[in-house]
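The numbers in the sequence shown follow our numbering, run straight up by one, and end at 535.
Written below as structure tokens is the structure these notes are about.
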Amino acid sequence: MEELLSKQAPEVQELIKNVNKYRKVDNEKHLSFACDLFDLAQECGNEDLKDYASCALGDACCQNQDYSQALYYMSAGVRGLAKTDEYELLCRCYNELGIIFRSEGHFITSEDYFINAMEIARAHRLYAIEAMACSNFASLCEEMDAIERALEYHYRSIECCSFIDDEDFKLSLMAGDYAFIVKLYVILKDEESADQALAEMEKIIAKYPEINNLFDIRIARYVYYKFKNNTAKIQEMKALCLESFYACQEYIVYFDEAKQLIEILTEEKDYQELQKMYDRTEQVLSKDDLINLRVFLEEYKIKMYEALGDKERLMASYSNYYRYNTIKTVDNKRSFLTTLRLRSELAQQRTKNLFLSAAAETDPLTGIANRLKLNTVIDELFVLANNEGKTLAVEMMDIDFFKEVNDTYGHAKGDELLVMLAKILKSVEDDKIFVARYGGDEFIIYYYDMTDEQIKEVARHIQKSMEIAGEALGIGKVTVSQGIVNHIPRPLNRAWDYMNAADLALYFVKNHGKANARIIHRATELETLAWDKVF
């Protein structure tokens, strides 16, 4: 029997190389190579390759604005892909599925996909994808009238952007987030914060003027100047927003901007312009595409035709509104059943975990708590710290140049080093300190009700002990990098926020010399390059 192809096969690697090469460069070629990869995988690929190719083709369909096909192919492959280490493609698909399901009005499913994208991207330091997923989830929160939560995730997206190397891409994302933040503060009628957000947005645009004419930037200015009642600017921004609307070929990308412009013009009773806009959407949208947007459009058409007394068009819009809502209801039921099935599977897995022996919560190599246990402990400590008003600190640590240790001395020696570090960590564990292995060479420490200075003493002890351990193992000086966040839980904080901030702090240390520790009290402190080194 002929052996099935894997992702490592030369012909497969060549196709994957071309798929990635033309993504966001040439949509037609991107789709063509993705189709070739899919066909090859279906013909003679193993299951992992089939799942990968299906998701890659779904992503290509999404880039080509064929969202029904994108949904089909990504849904077919994403569950299998989640069992592999293809984290970047997986996060990309989760993010795109979140966008598609939101556009169809399946908000719970959309939320699940965005959260999955954010969590996996964070775990694997895929900061660009995490930033996009945070921003998209923030837009969903805004649609659900969760304004404070929307602000939280836009600011989280901006935090992620500080770790993106591509300067233009980073500035584009940040400007987009500030554009939304401006509008959110207008909703909250917080003039001072809206002023500050607009100033930040304009500062970014001054650095990267190519984004000055994007739809999201223009609509933010339009909303802001209406809020400030600046008549001259209002007319200028209205004209520019209409220009962007009529030039738009992809309403799923500017879903929120298109809706907001229609809402504003309906409020202004500019029915002549609105009719032109509705005609334009019919030219661009495919049949039954973007159901949530279509329901919105028909709802606002009904308002307009009622005001104008146009009974013929009013009845047509009522009919369309009913039809699109029927489609939405059927799709929502399907989406609900899918989500219910997935959550049922997760619940079964959690129940299974509860009945496993205590050994299942112990890392087999190092003998200390594993990731399953640390998740339980952080939830308990967070609730305790929040209720008692005590500080909670989370440290994320890894071994510097661990890959080089494995490459030079072998994986057996690398395992010995991991065991040695675990013993050092176990020696500092007490009723206020909990240690666990996160995965690979990454370890977690939780500190409850401890000051920065007390934590620094522990960090120094670990660093000194590791240097001795490296010499004892015959591999020379070994150091660790440590990122620590320490504060009393704040309103809207969750346990996940601590892990997020600790990982960002670790990433900062790794990029600023390694072999040290940085303690922060909020993630925004990482914007300051000057820092108080622990040793």
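Even for Gly, the Cβ is constructed at its ideal location relative to N, Cα and C.
Less than 7 angstroms separating the beta-carbons of residue 536 and residue 297?
Past the boundaries of the shown model lies residue 536; the chain is included only from 1 to 535, so the question cannot be answered.
Distance between beta carbons of residue 45 and residue 5, contact taken as under 8 angstroms
Taking the sequence shown and counting its residues from 1, the one referred to as residue 5 is at position 5. Taking the sequence shown and counting its residues from 1, the one referred to as residue 45 is at position 45. Between residue 45 and residue 5 the Cβ distance is about 5 angstroms, and since that is below 8 angstroms, they are a contact.
Answer yes or no: do residue 134 and residue 102 have a C-beta to C-beta separation smaller than 7 angstroms?
The residue labelled residue 134 in the question sits at position 134 within the sequence shown. The residue labelled residue 102 in the question sits at position 102 within the sequence shown. Against a cut-off of 7 angstroms, the Cβ pair of residue 102 and residue 134 comes out as no contact.
Inspect the beta-carbon positions of residue 33 and residue 15 and report whether they are closer than 7 angstroms.
Here the question's residue 33 lines up with position 33 in the sequence shown. Here the question's residue 15 lines up with position 15 in the sequence shown. The answer is yes: Cβ separation under 7 angstroms.
Would you decide whether residue 244 is buried or exposed? Buried here means 16 or more other CB atoms lie within 10 Å of its CB.
Taking the first residue of the sequence shown as 1, we reach residue 244 at position 244. Residue 244 is buried by the Cβ-count criterion.
Once the 5 residues before and after residue 608 are set aside, which same chain residues still bring their CB inside 8 angstroms of it?
In the structure as shown, the chain starts at 1 and stops at 535, and residue 608 therefore has no counterpart that could be examined.
Could you say if the region 453–465 and the region 479–495 meet the contact criterion of at least three C-beta pairs nearer than 8 angstroms?
Here the region 453–465 lies against the region 479–495, with 3 or more beta-carbon pairs under 8 angstroms apart.
Can you tell me the Cα-Cα spacing of residue 312 and residue 277, whole angstroms?
On the sequence shown, residue 312 is found 312 positions in, with the first residue counted as 1. On the sequence shown, residue 277 is found 277 positions in, with the first residue counted as 1. Cα to Cα, the separation comes out at about 19 angstroms.
What separation, rounded to the nearest whole angstrom, lies between the Cα atoms of residue 211 and residue 415?
By 1-based counting over the sequence shown, the position of residue 211 is 211. By 1-based counting over the sequence shown, the position of residue 415 is 415. Note on geometry: alpha-carbon atoms of residue 211 and residue 415 lie some 49 angstroms from one another.
In terms of DSSP beta bridges, what is residue 487 paired with?
Stepping through the sequence shown from its first residue, residue 487 is reached at position 487. Beta-bridge pairing by DSSP links residue 487 to 392.
Drop a sphere of 10 angstroms on the beta-carbon of residue 322, count the other beta-carbons inside from all chains shown, and report buried for 16 or more, exposed for fewer.
Taking the first residue of the sequence shown as position 1, residue 322 is located at position 322. Burial call: exposed.
Helix, strand or coil: how does DSSP classify residue 366 here?
As a first step, residue 366 is located in the sequence shown; it is residue number 366 there, counting from the start. The answer is coil: DSSP assigns residue 366 none of H, G, I, E or B.
In terms of residue numbering, what span does the beta strand (DSSP E) encompassing residue 77 cover?
Within the sequence shown, residue 77 is the residue found at index 77, counting from 1. Bounds of any beta strand (DSSP E) do not take in residue 77; it lies within the alpha helix (DSSP H) bounded by 67–81.
Whole angstroms is fine: what's the gap from residue 42's alpha carbon to residue 521's?
For the purposes of this step, residue 42 is taken as residue 42 along the sequence shown, with counting starting at 1. For the purposes of this step, residue 521 is taken as residue 521 along the sequence shown, with counting starting at 1. Looking at the two C-alpha atoms, the distance is approximately 51 angstroms.
Just how far apart, CA to CA, sit residue 316 and residue 191?
In the sequence shown, residue 316 corresponds to position 316, counting from 1. In the sequence shown, residue 191 corresponds to position 191, counting from 1. Roughly 41 angstroms between the two C-alpha positions.
Burial state of residue 98, where buried means 16 or more other Cβ atoms lie within 10 Å
Taking the first residue of the sequence shown as 1, we reach residue 98 at position 98. Buried is the call here.
Quick check on residue 387: does DSSP put it in helix, strand or coil?
Residue 387 sits at position 387 when you count from the first residue of the sequence shown. Three-state DSSP puts residue 387 in a helix.
Would residue 448 and residue 506 be called neighbours here (beta carbons separated by less than 7 angstroms)?
For this step, residue 448 is matched to residue 448 along the sequence shown. For this step, residue 506 is matched to residue 506 along the sequence shown. Result no, Cβ atoms of residue 448 and residue 506 do not sit closer than 7 angstroms.
Between residue 503 and residue 122, how many whole angstroms is the CB-CB distance? I'm expecting something under 8 angstroms.
Numbered from its first residue, the sequence shown carries residue 503 at position 503. Numbered from its first residue, the sequence shown carries residue 122 at position 122. In this structure residue 503 touches residue 122 by the C-beta definition: roughly 7 angstroms separates them, less than 8 angstroms.
Same chain, Cβ closer than 8 angstroms to residue 455, five either side skipped, listed in chain order
Start at 1 with the first residue of the sequence shown, and residue 455 comes out as number 455. So the list reads 393, 395, 447, 484, 486 and 519, once near-sequence residues are dropped.
Candidates 23, 65 and 7, of which the one nearest residue 250 by Cα
Residue 250 sits at position 250 when you count from the first residue of the sequence shown. Of the candidates 23, 65 and 7, the one whose C-alpha sits nearest the C-alpha of residue 250 is 65.
Between which two residues does the beta strand (DSSP E) containing residue 448 stretch?
Indexing the sequence shown from 1 puts residue 448 at position 448. Following the DSSP letters along the chain, one finds residue 448 inside the beta strand (DSSP E) bounded by residues 442–448.
Report all residues from its chain with a CB closer than 6 angstroms to the CB of residue 54; omit the five preceding and five following residues, and keep chain order.
The count along the sequence shown starts at 1 and reaches residue 54 at position 54. Shown here for residue 54: same chain residues with a beta carbon closer than 6 angstroms to its own, the five before and five after excluded, namely 73, 76 and 77 in chain order.
Terminal residues of the beta strand (DSSP E) in which residue 517 lies
The residue given as residue 517 occupies position 517 in the sequence shown. Unbroken beta strand (DSSP E) run through residue 517: 517–520.
Closest to residue 613 by CA distance: which of 220, 226 and 70 is it?
Because the chain is modelled from 1 through 535, residue 613 falls outside the range shown and cannot be assessed.
Can you name the start and end residues of the alpha helix (DSSP H) that residue 125 belongs to?
Translated into positions along the sequence shown, residue 125 becomes position 125. In this chain, residue 125 is not harboured by any alpha helix (DSSP H), its DSSP state being neither H nor E.
Residue 347 to residue 111 span [Cα, whole Å]:
Here residue 347 is taken as the residue at index 347 of the sequence shown, counted from 1. Here residue 111 is taken as the residue at index 111 of the sequence shown, counted from 1. Note that residue 347 scores a pLDDT of 43, beneath 50, so its modelled location is shaky and nothing firm can be said.
Contact between the region 196–215 and the region 156–175 is defined here as three or more beta-carbon pairs at a separation below 8 angstroms; is this criterion met?
Segments in contact, yes.
In this structure, how does DSSP classify residue 251 when only helix, strand and coil are distinguished?
Counted from its first residue, the sequence shown places residue 251 at position 251. Three-state DSSP puts residue 251 in coil, outside helix and strand.
Classification of residue 179 by the beta-carbon crowding that lies within 10 angstroms, buried from 16 upward:
Numbered from its first residue, the sequence shown carries residue 179 at position 179. It is buried - the Cβ of residue 179 has at least 16 other Cβ atoms within 10 Å.
Over what stretch of residues does the alpha helix (DSSP H) that includes residue 460 continue unbroken?
By 1-based counting over the sequence shown, the position of residue 460 is 460. For residue 460, the enclosing alpha helix (DSSP H) has its first and last residue at 452–472.
Can you tell me where the alpha helix (DSSP H) with residue 182 in it begins and where it stops?
Start at 1 with the first residue of the sequence shown, and residue 182 comes out as number 182. That run of the alpha helix (DSSP H) goes 167–187.
Could you name the residues of the same chain whose beta carbon sits closer than 6 angstroms to that of residue 181, not counting the 5 residues immediately before and after it, in chain order?
Walking along the sequence shown from the start, residue 181 turns up at place 181. For residue 181, same chain residues with a beta-carbon under 6 angstroms away, outside a window of 5 residues either side, are 154 and 197 in chain order.
Between residue 432 and residue 385, what straight-line distance do the alpha-carbon atoms span, to the nearest angstrom?
Position 432 of the sequence shown, counted from the start, is the residue given in the question as residue 432. Position 385 of the sequence shown, counted from the start, is the residue given in the question as residue 385. Within the model, the alpha-carbon separation for residue 432 versus residue 385 is close to 12 angstroms.
Looking only at DSSP bridge pairs, what is residue 536 linked to?
The chain is shown only over 1 to 535; residue 536 falls outside these bounds and no answer can be derived.
Using the Cβ count rule (16 or more neighbours within 10 Å means buried), how would you classify residue 272?
As a working note, residue 272 is residue 272 in the sequence shown. Answer is exposed; the Cβ neighbour count stays below 16.
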